[in-house]
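K.L.:
As they're listed, the protein sequences go chains L and C.
With the first letter of the first sequence counted as 1, position 43 gets the number 43 in the working numbering; the numbers rise by one all the way through.
In short: position in the second sequence from 1, add 1000, done, that's the working numbering.
Protein chains: 2
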Amino acid sequence: MVGRRTVAANQDEEAVLAVNRRFYDAFERGDLEELAATWEHSDRAVCTHPGWATIHGWTEVADSWGAIMRGGGAPQFILTNERAAVEGAIAWVTLDENLIGAGGASGTVAALNVLARGADGQWRLVAHHGSSVVSRSDPR
Amino acid sequence: MVGRRTVAANQDEEAVLAVNRRFYDAFERGDLEELAATWEHSDRAVCTHPGWATIHGWTEVADSWGAIMRGGGAPQFILTNERAAVEGAIAWVTLDENLIGAGGASGTVAALNVLARGADGQWRLVAHHGSSVVSRSDPR
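(1) By how many angstroms is the C-alpha of A116 (chain L) removed from the C-alpha of A18 (chain L)?
(2) Between which two residues does the beta strand (DSSP E) holding E40 (chain L) run?
(3) Taking just the CA atoms, how far does W123 (chain L) sit from R1140 (chain C)?
(4) Could you give the C-beta distance for I68 (chain L) and H49 (chain L), rounded to a whole number, given that I count them as a contact under 8 angstroms?
(5) Looking at the structure shown, is E14 (chain L) part of a helix, part of a strand, or coil, going by DSSP?
(6) Measure the alpha-carbon distance for L143 (chain L) versus L112 (chain L) and round it to whole angstroms.
(7) Please report the residue range of the beta strand (DSSP E) in which G107 (chain L) lies.
(8) Between A119 (chain L) and chain C, is the shortest Cβ-Cβ distance under 8 angstroms, so that the two count as touching?
(9) By the 10 Å Cβ neighbour count, where 16 or more other Cβ atoms means buried, how is I78 (chain L) classified, buried or exposed?
(10) What distance in whole Å lies between the Cβ atoms of V109 (chain L) and G130 (chain L), which are believed to be in contact at a cut-off of 8 angstroms?
(11) Quick one: does S131 (chain L) have its CB under 8 angstroms from some CB of chain C?
(12) Does the CB of E40 (chain L) have a neighbour CB from chain C at under 8 angstroms?
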């Protein structure tokens, strides 16, 4: 049973990370419709962009992604350190968004995403929190 | 049944928010032992302090809280906009930490916390991500 549960957990983690990648791919391409397909459209959806206050509810969250896409174009980035943990119908993912600067916009955004598995078996984001990692000589 | 489930959900949310407050109270008092009691001591524990890279695993997470407490003393803050969502044995909480500056340290930290309910029924933090809210004239 332990073996089976481990395999199942890994399959869940793979499914979660696949949706997480779909979300970032859609953002990078500036495809709001595809991005919306990776989110749960509910009141409990929450999103904190780097430096922003937290936004509550899918309608406002969607509007914020649209505004970012319209405002500055889609950033390019490489994802690293993607790690997923799954328990029941909820998963959380940490990763680094390593920005590849057009016009000097570089740096790293650390992110924590929460995903929920719907009644249809699909994982969708319910929470995203991204924040810029500040370079420092002493990591403390 | 809907009524019952709603009540149960509210009781879960209350329990989650109580642990969330215990965590912040312990941090404010500089009580690392009490803070540790509000966290799950596991490899899946993750923490992102404002401007920091993400820290993985309880040992490293605990060390980071200890370093912050030793480094600058405990910050004082008022929590607002605490909202919890619960699904099964996992909950996520968003809130604002409104810093009351000793020495001019003021401002708001937006936070996303994830909590897991252990086999003993106790909720404990498994993820914390805090980031400073930047004042801006145009929120977009």
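Beta carbons are placed, not taken as given, at the ideal position from N, Cα and C, and that holds for glycine.
P.N.:
To lay it out plainly:
(1) Taking the first sequence and counting its residues from 1, one reaches residue 18 (chain L) at position 18. Taking the first sequence and counting its residues from 1, one reaches residue 116 (chain L) at position 116. Distance between the alpha carbons of A18 (chain L) and A116 (chain L) is about 13 angstroms.
(2) Position 40 of the first sequence, counting from 1, holds the residue named residue 40 (chain L). Per DSSP, E40 (chain L) is not a residue of any beta strand (DSSP E), being assigned neither H nor E.
(3) Looking up residue 1140 (chain C) in the second sequence gives position 140. Looking up residue 123 (chain L) in the first sequence gives position 123. Any reading at R1140 (chain C) must be qualified, since the residue scores a pLDDT of 45, below 50, and its modelled position is unreliable; the value itself is stated next. Straight across, the Cα-Cα distance linking R1140 (chain C) with W123 (chain L) is about 29 angstroms.
(4) By 1-based counting over the first sequence, the position of residue 68 (chain L) is 68. By 1-based counting over the first sequence, the position of residue 49 (chain L) is 49. Sure, about 7 angstroms apart at Cβ, within 8 angstroms.
(5) In the first sequence, residue 14 (chain L) corresponds to position 14, counting from 1. Of the three classes helix, strand and coil, the one that applies to E14 (chain L) here is helix, per DSSP.
(6) Residue coverage of chain L in this structure runs from 1 to 140, which leaves residue 143 (chain L) outside it and unanswerable.
(7) Taking the first residue of the first sequence as 1, we reach residue 107 (chain L) at position 107. Counting along the chain, the beta strand (DSSP E) containing G107 (chain L) begins and ends at 107-117.
(8) Position 119 of the first sequence, counted from the first residue, corresponds to residue 119 (chain L). Residue-level contact by beta carbon fails for A119 (chain L) and chain C, as no gap is shorter than 8 angstroms.
(9) One-based indexing of the first sequence puts residue 78 (chain L) at position 78. Per the 10 Å Cβ criterion, exposed.
(10) The sequence position of residue 130 (chain L) within the first sequence is 130, counting from 1. The sequence position of residue 109 (chain L) within the first sequence is 109, counting from 1. That pair is a contact at about 5 angstroms.
(11) By one-based count along the first sequence, residue 131 (chain L) stands at place 131. S131 (chain L) has a beta carbon lying within less than 8 angstroms of a beta carbon in chain C.
(12) Numbered from its first residue, the first sequence carries residue 40 (chain L) at position 40. No, no contact with chain C.
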